[in-house]
Amino acid sequence: MGEHNGWLIWASYLVGLLLSVAPMPDFMELGRPLWLAMFITYWILSVPQRVSLTLTWLLGLAMDVLYGVLLGQHALTLTLIAFLMLTLQQRVRMFPLWQQSLVLLVVFGLAQLVQLWLNALAGNRPPTLVFLLPALVSALLWPWVFTALRSLRLRFNVN
Amino acid sequence: MRLLVLVVLAATLMVVDARFDTLKPVRSQLGLVLTPFYWLADLPVRIWDGVNQQFSSRSELLAENEKLKAEALLMQRRLQKLAALTEQNVRLRELLNSAALVDEKVLVGELIGVDPNPFTHRILIDKGERDGVFLGQPVLDARGLMGQVVEVMPYSARVLLLTDTTHSIPVQVNRNGLRAIAVGTGNPERLELRHVADTADVKEGDLLVSSGMGQRFPAGYPVAVVSEVIHDSGQPFAIVRAVPTAALNRTRYMLMVFSDPRSPEQRASEAAQAQEAHDRQLAEQAKKQDAKPSAEAAPAPAPAQPARPAPASAGGAR
Chain A
1 MGEHNGWLIW ASYLVGLLLS VAPMPDFMEL GRPLWLAMFI TYWILSVPQR
51 VSLTLTWLLG LAMDVLYGVL LGQHALTLTL IAFLMLTLQQ RVRMFPLWQQ
101 SLVLLVVFGL AQLVQLWLNA LAGNRPPTLV FLLPALVSAL LWPWVFTALR
151 SLRLRFNVN
Chain B
1 MRLLVLVVLA ATLMVVDARF DTLKPVRSQL GLVLTPFYWL ADLPVRIWDG
51 VNQQFSSRSE LLAENEKLKA EALLMQRRLQ KLAALTEQNV RLRELLNSAA
101 LVDEKVLVGE LIGVDPNPFT HRILIDKGER DGVFLGQPVL DARGLMGQVV
151 EVMPYSARVL LLTDTTHSIP VQVNRNGLRA IAVGTGNPER LELRHVADTA
201 DVKEGDLLVS SGMGQRFPAG YPVAVVSEVI HDSGQPFAIV RAVPTAALNR
251 TRYMLMVFSD PRSPEQRASE AAQAQEAHDR QLAEQAKKQD AKPSAEAAPA
301 PAPAQPARPA PASAGGAR
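The structure is reproduced here in structure tokens:
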């Protein structure tokens, strides 16, 4: 029973954190996908019992430190995403991939909106609507991320 | 239920972080993990650079070597001139009874990361509290001012660049001393001068240097070059745009400046004392030479030699 292969989940979180600070060309930086949120969403859809809100919150805190923003900002949005996906999980896991993408677009868009509000409160507001771009890019990338993570999960038998 | 607790916790954290200083030390300690993280994220770029260097052809290296040698030669020539000019400058300033323009101490830092948020212009450097970096410290590269330190962690620091929308710097037009405030626009290639009168004497191509008025940046470092001046009769002020001279998004190495904490008066008096000491020394040497001119006829140029570095060491003491 002790064999959950949970290390794969942890590794994916670490990779997600790394990818969210990896250097990218300027024009791509605007649409940097929400890697960590995507990975968390995948684990929620496949093995919901292995994802806890508290851990998500802590991961969000790590993001805040990496990004140098107010502590709690990403913690809040990631927790929101995790909560929404956990409540929708029963339905969403039955959807075909493109519908999952749509759900992701809405949920991540909401999270980005909250992020924008918090940024505005902290005093720096991006001038345009491009802050929604990451949600869109993440939704477009979702089928590939999903497939890749599923093959990994099946190979290492994570449950 | 858990959600509620976590959300409230996050909100509290944010408020505390925004309003009070209590979380600053926690943050700076958490920053310890940040350096290896950014290092890891940056690894592919580094490896690519390394491979590139390994396989760059010999002729390329030779050409680069030639170029660097030529550059070094040019620099040395300038340096020779500079020594004389510095000395002259110190004397003139003493005549004017003002503090000499001092050479500040600097520390070289390397870029380890760029802020992943595209709407802020901040970078991460590999020098931190342990190297003496402090909050508000000016940072520059070979061509001009880059920004200031806004967050200090044990082994790294965050630098806010001049072009961030929340940054402004007091500047002066180098040509005529006109003062203005240069504000970041969020565009890495543009600064804007605020509240410049329509009749003010600012032209395209003017060099803007830091004025030192804000007590934060040392005076006299190049900041930007005016790229366009727009006189719009519908606007209360002229629109002046400038391009930063520092390569804000290309530089990999940068200098952190330690300004002199002494007041201008102290500096002036110490400069005067050093100069007096130096003059006395010269006078003594001259006396000695007068006393026994025949005995030391052969090594006569030798005593003249130490006289040369003397002003330099006096300058170092200032």
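Quick note, the sequences are listed as chains A and B, same order.
Under UniProt numbering, read the first sequence as residues 1 to 159, first letter to last.
Under UniProt numbering, read the second sequence as residues 1 to 318, first letter to last.
Idealized CB from N, CA, C, for every residue including glycine.
Listed along chain B, no residue sits closer than 9 Å to G109/A by beta-carbon distance, the nearest being about 17 Å off.
Look at the stretch 10 to 40 of chain B: the residues with a C-beta under 9 Å from a C-beta of chain A are A10, A11, T12, L13, M14, V15, V16, D17, A18, L23, V26, R27, L30, G31, V33, L34, F37, Y38 and L40.
Separation of the CB atoms of S20/A and P116/B is rounded to 6 Å, and the pair is thereby assigned contact status at 8 Å. DSSP assignment within the stretch 207 to 262 of chain B yields the following whole beta strand (DSSP E) runs of 3 residues or more, N-terminal first: 207 to 210, 222 to 230, 238 to 244 and 253 to 258. For E192/B, the uninterrupted beta strand (DSSP E) segment begins and ends at L191 to V196. In terms of Cβ geometry, L104/A and A135/A form a close pair [threshold 9 Å].
For K288/B and L82/B, the gap between their C-alpha atoms comes out near 30 Å. With the criterion set as a beta carbon lying under 9 Å from some beta carbon of chain A, the members of the stretch 115 to 147 of chain B are D115, P116, N117, P118, F119, T120, R122 and L124, in sequence order. Taking 9 Å as the upper bound on Cβ-Cβ separation, chain A lies near residues D164, T165, T166, G186 and P188 of the stretch 161 to 195 of chain B. The beta carbons of I9/A and W43/A sit about 6 Å from each other, so the pair counts as a contact at 8 Å. Residues of the stretch 46 to 61 of chain A whose Cβ lies closer than 9 Å to any Cβ of chain B, in chain order: S52, L53, T54, T56, W57, G60 and L61. Interface criterion met: the Cβ of V7/B is under 9 Å from a Cβ in chain A. Within chain A, no residue has its CB atom less than 9 Å from the CB of D49/B, the nearest being about 12 Å off. Rounded to the nearest angstrom, the Cβ distance from A111/A to T77/A is 4 Å, consistent with a contact under 8 Å.
If you check each beta-carbon in the stretch 230 to 249 of chain B against every beta-carbon of chain A, the ones closer than 9 Å belong to N249. Within the stretch 29 to 41 of chain A, the residues whose Cβ lies closer than 8 Å to some Cβ of chain B are E29, L30 and R32, listed in chain order. Secondary structure within the stretch 41 to 71 of chain A: the alpha helix (DSSP H) runs of 4 or more consecutive residues, fully enclosed, are 53 to 67 (chain order). Interface residue (Cβ-Cβ distance to chain B less than 9 Å): Q73/A is classified as such. Taking 9 Å as the threshold, the shortest C-beta distance from E151/B to chain A falls below it. Secondary structure at S138/A: helix, using DSSP grouped into helix, strand and coil.
In the three-state DSSP reduction, Q148/B falls in the strand class (E or B). Between L161/B and H121/B a beta carbon distance of about 4 Å is seen, short of the 8 Å cut, so the two are scored as contacting.
Secondary structure at Q273/B: helix, using DSSP grouped into helix, strand and coil.
In this structure F134/B is exposed. Its beta-carbon is surrounded by fewer than 16 other beta-carbon atoms within 10 angstroms. Y13/A does not reach chain B, its nearest Cβ partner there being about 13 Å away, counting only Cβ pairs nearer than 8 Å. For the 9 Å CB-CB criterion, V171/B and V223/B form a contact. Using a Cβ-Cβ distance cut-off of 8 Å, the stretch 234 to 243 of chain B and the stretch 176 to 195 of chain B are in contact, since at least three pairs of beta carbons, one from each stretch, lie closer than that value. From the beta-carbon of R46/B, no residue of chain A is found nearer than 9 Å; the closest lies around 10 Å away. Residue-level contact check: D279/B does not touch chain A, since none of the beta carbons of chain A fall below 9 Å from its beta carbon. By the beta-carbon neighbour count (other beta carbons within 10 angstroms, threshold 16), A182/B is buried. With at least 16 other beta carbons inside 10 angstroms of its own, H167/B counts as buried. Counting the other Cβ atoms within 10 Å of the Cβ of N52/B gives fewer than 16, which makes it exposed. In this structure, F258/B lies near G132/B, with their beta-carbon atoms less than 9 Å apart. At a beta-carbon threshold of 7 Å, the residues of chain A lying near G113/B are V21, ordered along the chain.
With fewer than 16 other Cβ atoms inside 10 Å of its own Cβ, R252/B counts as exposed. Beta-bridge partners assigned by DSSP to G109/B: M254/B.
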